[in-house]
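S.K.: Taken in order, these protein sequences are the chains called A and B.
According to my numbering, the residues represented by the first sequence are 2 to 316, in order.
According to my numbering, the residues represented by the second sequence are 17 to 364, in order.
Submitted below is the structure of interest, expressed as C-alpha cells.
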Amino acid sequence: MGDGQWWAVSLTEAVGNNKPLSVVCEGEELVLFRNAAGRAFALEDRCPHRRVPLSPGVLTPGGLQCPYHGWTFDGASGVCREIPNLHADERVPSRHAARAFLVAEADGFIHVWRGSGAPTGVLPSAAYRPIGREYSGSAVVNIVHGTYLETMLDGPECLLAFPGVTITDFFLGDPRREGEHLVLDRGGVWKGKGIGPAFVRDHPLVLRTRVPLAGGAIFVELLTAAEVPLVTIFIASTANRRGTTSLNWRGFRHAHHAPGAPFAWRLRRTAGRAPFEVLPEVKGKSIAALRVAPSLELATSRMRQGAECRGEHNE
Amino acid sequence: MSDIAIAEVGAADGSENSRQADWVPIHFDLRDTWFPVAFSADIGTQAVRRIVHAQPYYLWRDRGRLRAAEFRPDQLEPLRRSATAFTGGTGHYPVTERYGYVWAWYGNSDNADLALNPCIPFLPVDGSKIPRYTQRTVRFDAASPLSVENLIDLTHADFLHANAIGDGRCESDIVEVQSTSETVTRTRIVTRKSVAPVMRWIGGVRAKYQDLRAVLHVHLRNNLAISYPSFSSGYAIPNVQPFVPVGRHRSRVDQTNYTVAAPAPFRWLMPRISYVIQPQDNAVLRPQNERYFDADGRRDLSSRFDAPGNRYRLLMRRLAERQRQGDFSYAADANPSADISVVLGMNG
Ligand code: FES
Ligand SMILES: [Fe+2]
Chain A
2 MGDGQWWAVS LTEAVGNNKP LSVVCEGEEL VLFRNAAGRA FALEDRCPHR
52 RVPLSPGVLT PGGLQCPYHG WTFDGASGVC REIPNLHADE RVPSRHAARA
102 FLVAEADGFI HVWRGSGAPT GVLPSAAYRP IGREYSGSAV VNIVHGTYLE
152 TMLDGPECLL AFPGVTITDF FLGDPRREGE HLVLDRGGVW KGKGIGPAFV
202 RDHPLVLRTR VPLAGGAIFV ELLTAAEVPL VTIFIASTAN RRGTTSLNWR
252 GFRHAHHAPG APFAWRLRRT AGRAPFEVLP EVKGKSIAAL RVAPSLELAT
302 SRMRQGAECR GEHNE
Chain B
17 MSDIAIAEVG AADGSENSRQ ADWVPIHFDL RDTWFPVAFS ADIGTQAVRR
67 IVHAQPYYLW RDRGRLRAAE FRPDQLEPLR RSATAFTGGT GHYPVTERYG
117 YVWAWYGNSD NADLALNPCI PFLPVDGSKI PRYTQRTVRF DAASPLSVEN
167 LIDLTHADFL HANAIGDGRC ESDIVEVQST SETVTRTRIV TRKSVAPVMR
217 WIGGVRAKYQ DLRAVLHVHL RNNLAISYPS FSSGYAIPNV QPFVPVGRHR
267 SRVDQTNYTV AAPAPFRWLM PRISYVIQPQ DNAVLRPQNE RYFDADGRRD
317 LSSRFDAPGN RYRLLMRRLA ERQRQGDFSY AADANPSADI SVVLGMNG
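This is the structure in C-alpha cells:
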C-alpha cells in the first residue's frame, strides 16, 4: 500500500463546466471543475500568486482563471498557462503552478488522490453498484470526522434514518474485519409492528455498517433477517474545517420484496420516495449520550492494519 | 490594461520575493509615527474608542481641548498607574489636528514630533471647508499592509473591479516606482483610455478618450496612502486613504475623496464608489489574510506586474528589520512633512 489515499470528494452532478465547486478534503480546501469536454480536475483552492481561493474564478478554455489578477491554471498539471497583459514573446515560468490532484471519476463520484505515493488500490466507490433509481445528497455535519466514523459503529441511528424502521442498539456480534473495513451488524424492527424491539424473538431486519480503517468510505446496508439486501448506501466522508465532516452519498432500494414490511414502507416505494435519510444535522445530545462500544475495536484494527502495511507479522 | 512598462526595476523585479524570507503582512507593527485615527468632525465631548494595532485610543474634547488617552475619561484617574510607555506613563497620547483628521502618535511618546506629520498638499491644513460628503469610513478585512498592497496593485482592477472601473483599454500604460526608506511612490501614465462609464454619464466628460496621470504616494509606517489621479479631459480626484491597523486581521480607513473641483453630481456620487469596490476587495482579502498565517513556507509567486507591490514588501521588511534592531529614527532621505505637491504632479 502506498503512502496516500483516494477520497470521494463530491457527487458527479455537483460539478458542471460553467462554475467551479469548492470542497474540503481532510481539512484542505480544493476546487473542482470540468473543461468543455467534461473532464474533471482538482486543484488546491489557493492561488500561488497571492493565495486567494480560486473557486470564485472563471472557467476559460485554458483552465481556471483566478478572480484576483486573472492568472489561468491548467486543470491537469496546475501549471499557470497565462498571465494577462504579458507580451506574446514572454513566457510564464514553469514553477508558477497551483497544486494539482489526480482525479478519477466513477460510480457517480469525483475522487481525488491525496498522498505522496503513486495511486494504488481500487476507488472507494468501487464496491457500490447501484441498481435502479438512486437517491443522493451532500451535507456538512457538525461532528469531527473520526467521531462520525465511531458513531457509525456505536449508534448509526444518530446519523441515519430508514422511514418505517427502528434501528436497535443490539449488536449481532462484534465488529469483524473485512478487507479495509470494520463491519458490524445490529438488529432492526419494522415500526408499529409486534411487541417492540426489546422483546422480539428474532430481529426481522439487520443493519450492517462498514466503517473504513483508512479514508472515508462508509457502506450501509439494510438487510432482511435472511440477509437479503433491501437498501444500500455509500457515504463518502472526510474532515472539513473546524471539526466538521463533509458527506456525499448515494443509495438505492433493491428490487427484492421486503417480507413483513408495513403498508407505509410499501407506499413509499410505490411513490418513489427515498427509503433512507442521511441526517444533514446531528444532535449533540444523542451523540454525547452514546455509550462507547464496538468502536473500541477501531483503534486496534487500525494499528493491526498499519502493521500489515509495513509488512510486520504478529504471531 | 495593456503594455505596462516598469521603469527602474532593481530589487523590485518579479523574483524579489523568492530570495527573501516570506512576506508576512500580519506581523508588522511599525512605531514612531502619526496615525490619522479619526475625522476631526467625528470627535465631540463623548469619548470614542479607536484602536491602533492592539492599543486603545479614547478620543474626546474636554472644554474644546482634544484628548487622546489610553483609558475612558471616567477611568483615567483610577487606571493612570497602569498607563503604558505609549503615553510615557501619563495615559495621554501626543495628539494633533490637521487636514480634517485627528492624528495620534503611536510609539515612544518622547519621539513625537509635529515635523513628522505627513503633508497632504491638496487638503486645507486647518481642515476647514472640507465637506462631509468627501469623508467616508470603510473597513478592510485584512491587515493594513495587505490592504495597502491591494491599493498599490493595479492589475487586479481589470478582474475584480472590471464592472466599476471600465474595460481598461488604452493606447499605452506606463507604471513607474520610486521610493525612499519611508515611502513608495507609484506613477501611472495612461494615454487615450476610453472614458470610464461613471465619468461619462454623471461626470460630464463628453470626450471619448482621456489621458490619466495617477500618482500614489504611500507612507510606510502609518500605511497612509495619498493619491492624485488627474484626468484630461476631466479633472483631478485627489484622495487620502489612511489604513489604520486594527489588529492583525482588520483595518479601518477614514478616507477623504476630495472631489470638490469636480462637477455635481459626480462630486457627491464619486466618493460612494467605495460601496461597490469595497466588498469586492474584501472578498479576496478575507481568505488571503488568513492564509498569511500559514506557516507552510510556500512563498508567493510574482510576475513583473508585481514590481510596485514587491518594492513595497521589500521596503516594509527593511523598515521592520531596522525597528527590530532598535532603530526607530527617520533616515536622512525621509521627511514625512515635506511638501509633495510636485511628487503628486499637482499643478500639471
Ligand atoms: S492571486 Fe491569483 S492571480 Fe493574483
Ligand atoms: Fe481593489
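The beta carbon of each residue, even a glycine, is placed where N, CA and C say it ideally should be.
Return yes when the Cβ of leucine 92 of chain B is within less than 7 Å of the Cβ of alanine 101 of chain B, no when it is not.
M.R.: No, Cβ-Cβ distance for alanine 101 of chain B and leucine 92 of chain B is not below 7 Å.
S.K.: Which term fits valine 279 of chain A, buried or exposed, when burial requires 16 or more other beta carbons within 10 angstroms of its beta carbon?
M.R.: With 16 or more other Cβ atoms within 10 Å, it is buried.
S.K.: Within the same chain, show all residues whose beta-carbon is closer than 7 Å to that of glycine 138 of chain A, passing over the 5 residues directly before and after it, in chain order.
M.R.: The residues are Trp250 and Val279.
S.K.: Can you pull the chain B residues whose beta carbon is under 8 Å from the beta carbon of isoleucine 84 of chain A, in chain order?
M.R.: Residues of chain B passing the Cβ test: Ser319 and Phe321.
S.K.: Candidates B:Val292, B:Arg237 and B:Leu360: which alpha carbon is nearest tyrosine 122 of chain B's?
M.R.: For the residues B:Val292, B:Arg237 and B:Leu360, the minimum Cα distance to tyrosine 122 of chain B belongs to B:Arg237.
S.K.: Determine, for proline 62 of chain A, whether the minimum Cβ-Cβ distance to residues of chain B falls below 7 Å.
M.R.: So, not an interface residue.
S.K.: Residues of chain B with a CB under 7 Å from the CB of glycine 28 of chain A: which are they?
M.R.: The premise fails here: glycine 28 of chain A is roughly 12 Å from chain B at the closest Cβ pair, so nothing lies under 7 Å.
S.K.: Contact check, leucine 46 of chain B vs leucine 335 of chain B under 8 Å by CB: the rounded distance?
M.R.: Indeed they touch by this definition, with Cβ atoms about 6 Å apart.
S.K.: Classify histidine 96 of chain B as helix, strand or coil using the three-state DSSP reduction.
M.R.: The residue you asked about is not histidine; residue 96 of chain B is arginine in the sequence shown. Looking at arginine 96 of chain B - three-state DSSP - the assignment turns out to be helix.
S.K.: Is any non-hydrogen atom of ligand 2 found closer than 6 Å to the C-beta of asparagine 166 of chain B, if you look at the structure I gave you?
M.R.: Asparagine 166 of chain B: yes, Cβ under 6 Å from ligand 2.
S.K.: Which chain B residues sit within Cβ distance under 7 Å of tyrosine 69 of chain A?
M.R.: In chain order: His172, Phe175, Leu176 and Val300.
S.K.: Cα-Cα, which of B:Pro261, B:Ile289 and B:Ala223 is closest to isoleucine 253 of chain B?
M.R.: Nearest option by C-alpha distance: B:Ile289.
S.K.: Ignoring anything shorter than 4 residues, give me the alpha helix (DSSP H) runs that lie fully in the region 168 to 244 of chain B, in order along the chain.
M.R.: Those alpha helix (DSSP H) runs which fall completely within the region 168 to 244 of chain B and span 4+ residues are 173 to 176, 178 to 181 and 213 to 217.
S.K.: Between tryptophan 76 of chain B and asparagine 127 of chain B, what straight-line distance do the alpha-carbon atoms span, to the nearest angstrom?
M.R.: Looking at the two C-alpha atoms, the distance is approximately 23 Å.
S.K.: My assumption, with CB atoms under 8 Å, is that aspartate 227 of chain B sits in contact with serine 248 of chain B. Please give the rounded CB distance.
M.R.: Rounded, the Cβ-Cβ distance is 5 Å, consistent with contact.
S.K.: By Cβ distance below 6 Å, which residues in the same chain neighbour proline 198 of chain A in space, the five residues on each side in sequence not counted?
M.R.: Result list for proline 198 of chain A: Thr167, Thr169 and Val190, in chain order.
S.K.: Label lysine 209 of chain B either buried or exposed according to how many other C-beta atoms from any shown protein chain fall within 10 Å of its C-beta, with 16 as the threshold for buried.
M.R.: Answer is buried; the Cβ neighbour count reaches 16.
S.K.: Would you mind giving the Cβ-Cβ distance between leucine 1 of chain A and valine 212 of chain A, rounded to the nearest angstrom? I have them listed as a contact below 8 Å.
M.R.: Outside the shown range of chain A, which is 2 to 316, sits residue 1 of chain A, and nothing can be said about it.
S.K.: Who does tryptophan 39 of chain B pair with in a DSSP beta bridge?
M.R.: Looking at the DSSP assignment, tryptophan 39 of chain B forms no beta bridge with any residue, so it has no partner.
S.K.: Measuring straight from C-alpha to C-alpha, what distance separates cysteine 48 of chain A and lysine 20 of chain A?
M.R.: Between cysteine 48 of chain A and lysine 20 of chain A, the C-alpha separation is close to 17 Å.
S.K.: Would you call glutamine 62 of chain B buried or exposed, if buried means 16 or more other Cβ atoms sit within 10 Å of its Cβ?
M.R.: It is exposed - the Cβ of glutamine 62 of chain B has fewer than 16 other Cβ atoms within 10 Å.
S.K.: Mind checking the region 32 to 63 of chain A against chain B and listing, in chain order, the residues whose C-beta falls within less than 8 Å of any C-beta there?
M.R.: Correct list: Arg47, Pro49, His50, Arg51, Arg52, Val53, Pro54 and Pro57.
S.K.: Helix, strand or coil for leucine 44 of chain A, going by three-state DSSP, please let me know.
M.R.: Here leucine 44 of chain A sits in strand by DSSP.
S.K.: I want to verify the contact list: residues of chain B whose CB lies under 7 Å from the CB of histidine 97 of chain A, in sequence order.
M.R.: Ordered by position in chain B, the residues that pass the 7 Å Cβ test against histidine 97 of chain A are Leu317.
S.K.: For the alpha helix (DSSP H) containing isoleucine 59 of chain B, name the first residue and the last one.
M.R.: Where isoleucine 59 of chain B is concerned, there is no enclosing alpha helix (DSSP H), given that its DSSP letter is neither H nor E.
S.K.: Would the beta-carbon of tyrosine 69 of chain A be found less than 6 Å away from any heavy atom of ligand 1?
M.R.: Checking the Cβ of tyrosine 69 of chain A against ligand 1 gives yes.
S.K.: As a quick exercise: from A:Leu206, A:Thr13, A:Ala99 and A:Glu151, pick the residue whose alpha carbon is nearest that of alanine 107 of chain A.
M.R.: Measuring from the Cα of alanine 107 of chain A, the nearest candidate turns out to be A:Thr13.
S.K.: Output the distance between the C-alpha atoms of leucine 130 of chain B and leucine 65 of chain A, rounded to the nearest integer angstrom.
M.R.: Spanning the two alpha carbons is a distance of roughly 51 Å.
S.K.: Is the Cβ of methionine 2 of chain A closer than 7 Å to any Cβ of chain B?
M.R.: Note on methionine 2 of chain A: pLDDT 47, under 50, position unreliable in the model; no value is reported.
S.K.: Any chance the CB of valine 200 of chain B is under 6 Å from a heavy atom of ligand 1?
M.R.: Every heavy atom of ligand 1 is 6 Å or more from the Cβ of valine 200 of chain B, so no.
S.K.: Taking 7 Å as the CB-CB limit, is proline 89 of chain B close to chain A?
M.R.: No, proline 89 of chain B does not count as interfacial toward chain A.
S.K.: With DSSP run on the structure shown, which of helix, strand or coil describes leucine 297 of chain A?
M.R.: Helix, per DSSP.
S.K.: Output the distance between the C-alpha atoms of asparagine 133 of chain B and glycine 63 of chain A, rounded to the nearest integer angstrom.
M.R.: Cα-Cα distance, rounded: 50 Å.
S.K.: Could you check which residue in A:Val80, A:His258 and A:Ala43 has the C-alpha nearest to that of threonine 225 of chain A?
M.R.: For the residues A:Val80, A:His258 and A:Ala43, the minimum Cα distance to threonine 225 of chain A belongs to A:His258.
S.K.: Whole-angstrom Cβ separation of arginine 51 of chain A and glutamine 304 of chain B, contact assumed at under 8 Å?
M.R.: Confirmed, about 6 Å.
S.K.: So is the beta-carbon of aspartate 297 of chain B under 6 Å away from any non-hydrogen atom of ligand 2?
M.R.: True, at least one ligand heavy atom lies under 6 Å from that Cβ.
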